[in-house]
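**Q**
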């Protein structure tokens, strides 16, 4: 369910039968449902001339922990309102008792668009080991970024050809943007942070690309011949 206080909402879950074998993916269904929700929300804000952060905050009165993540990440990334050509995009999500908000910053350059920075603030309850928690959020953001840009396996006669993460084409250190991660101090029970970053990477990037280029991306992976 979306985290926003929308009084009238209906969600249908329609299983799709495909011929390929499937399995678990880091981020689970949140990886693509958050993409749809946050990109659609951003599109509605733009259509009605609403500032994306302010509109989200107005509908998060029942989810104060996520609202705090949004406020904190806006300060961390120096959010400028997502104006045209700013190259900033925002996304937030709740998963398994944890909350995260992220801002992607991109820059248009010759030959395409470069992801310069990913900023994120997460509330995962009481943190047992800050370094490990930060690594989990960073890893999730990078994995989500890789999926957004087309990292995948190949299939031959219905069988996947890649057996290791190294073969998927995930971002290497050379391709990795600057990443900033901060945490909200909390005394509630800790939650697993390993998948939170995956959910927000793609929608934050898609919304940043719209800000930078004026192009809407409604499918994964994010690709346009116009870039």
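In this note's numbering, the protein residues as written are -11 to 215.
Here a beta-carbon is modelled for each residue, glycine too, at the ideal position from N, C-alpha and C.
1. Here's a check: name, in chain order, each residue in its chain whose Cβ is nearer than 7 Å to the Cβ of residue 159, leaving out the five neighbours to either side.
2. Relative to the C-alpha of residue 93, which candidate in 157, 54, 108 and 87 has its C-alpha closest?
3. So the alpha helix (DSSP H) residue 34 belongs to, where does it begin and stop?
4. Cβ atoms of residue 69 and residue 199: under 7 Å apart, would you say?
5. Would you mind giving the Cβ-Cβ distance between residue 60 and residue 170, rounded to the nearest angstrom? I have them listed as a contact below 8 Å.
6. Give me the residue from 63, 72, 16 and 54 with the minimum Cα distance to residue 81.
7. Within 10 angstroms of the Cβ of residue -7, are there 16 or more other Cβ atoms? Answer buried if so, exposed if not.
8. Does the stretch 12 to 30 come close enough to the stretch 176 to 186 that 3 or more CB-CB pairs lie under 8 Å?
9. Which residues mark the beginning and the end of the beta strand (DSSP E) in which residue 186 is found?
10. Report back the beta-carbon spacing between residue 40 and residue 78 to the nearest angstrom; my notes put them in contact at under 8 Å.
11. Can you give me the Cβ contacts of residue 136 inside the same chain, cut-off strictly under 7 Å, excluding the 5 residues immediately before and after it?
12. Looking at the secondary structure, which residues open and close the alpha helix (DSSP H) in which residue 43 lies?
13. So, are the CB atoms of residue 179 and residue 85 less than 7 Å apart?
14. Hey, how far is the Cα of residue 87 from the Cα of residue 103?
15. Taking its Cβ as the centre, do 16 or more other Cβ atoms sit within 10 Å of residue 10, making it buried, or is it exposed?
16. What do you reckon, are the CB atoms on residue 165 and residue 106 nearer than 7 Å?
**A** Quick look at the numbers:
1. Numbered from 1 along the chain shown, position 171 holds the residue referred to as residue 159. Cβ neighbours of residue 159 beyond the five flanking positions: 130, 133 and 134.
2. Walking along the chain shown from the start, residue 93 turns up at place 105. Closest option to residue 93, Cα to Cα, is 108.
3. The sequence position of residue 34 within the chain shown is 46, counting from 1. Unbroken alpha helix (DSSP H) run through residue 34: 18 to 35.
4. For the purposes of this step, residue 199 is taken as the residue at position 211 of the chain shown. For the purposes of this step, residue 69 is taken as the residue at position 81 of the chain shown. At a Cβ-Cβ threshold of 7 Å, residue 199 and residue 69 do not count as neighbours.
5. The residue you call residue 60 lines up with position 72 of the chain shown. The residue you call residue 170 lines up with position 182 of the chain shown. About 6 Å; that satisfies the 8 Å criterion.
6. Taking the first residue of the chain shown as 1, we reach residue 81 at position 93. Checking every option, the nearest Cα to that of residue 81 belongs to 54.
7. Within the chain shown, the letter at position 5 stands for residue -7. By the neighbour-count rule (16 or more Cβ atoms within 10 Å), residue -7 is not buried but exposed.
8. Yes, since at least three Cβ pairs between the stretch 176 to 186 and the stretch 12 to 30 fall closer than 8 Å, the two stretches touch.
9. As a first step, residue 186 must be located in the chain shown, where it is residue number 198. No beta strand (DSSP E) contains residue 186, which is instead part of the alpha helix (DSSP H) from 184 to 201.
10. One-based indexing of the chain shown puts residue 40 at position 52. One-based indexing of the chain shown puts residue 78 at position 90. About 5 Å separates the beta carbon of residue 40 from that of residue 78, a gap short enough to meet the 8 Å contact definition.
11. In the chain shown, counting from the first residue as 1, residue 136 sits at position 148. Within the same chain, residue 136 has close Cβ partners 189, 190, 193, 208, 209 and 210.
12. As a position in the chain shown, residue 43 is number 55, starting the count at 1. Annotation for residue 43: the continuous alpha helix (DSSP H) segment containing it runs 40 to 46.
13. Looking up residue 179 in the chain shown gives position 191. Looking up residue 85 in the chain shown gives position 97. Yes, the Cβ-Cβ distance between residue 179 and residue 85 is below 7 Å.
14. Locating residue 87 in the chain shown gives position 99, counting from the first residue. Locating residue 103 in the chain shown gives position 115, counting from the first residue. Taking the straight line from one Cα to the other gives about 23 Å.
15. Residue mapping note: residue 10 aligns to position 22 of the chain shown, counting from 1. Classified as exposed, residue 10 has fewer than 16 neighbouring CB atoms from the shown chains inside 10 Å of its CB.
16. Locating residue 165 in the chain shown gives position 177, counting from the first residue. Locating residue 106 in the chain shown gives position 118, counting from the first residue. Yes, they are a contact pair.
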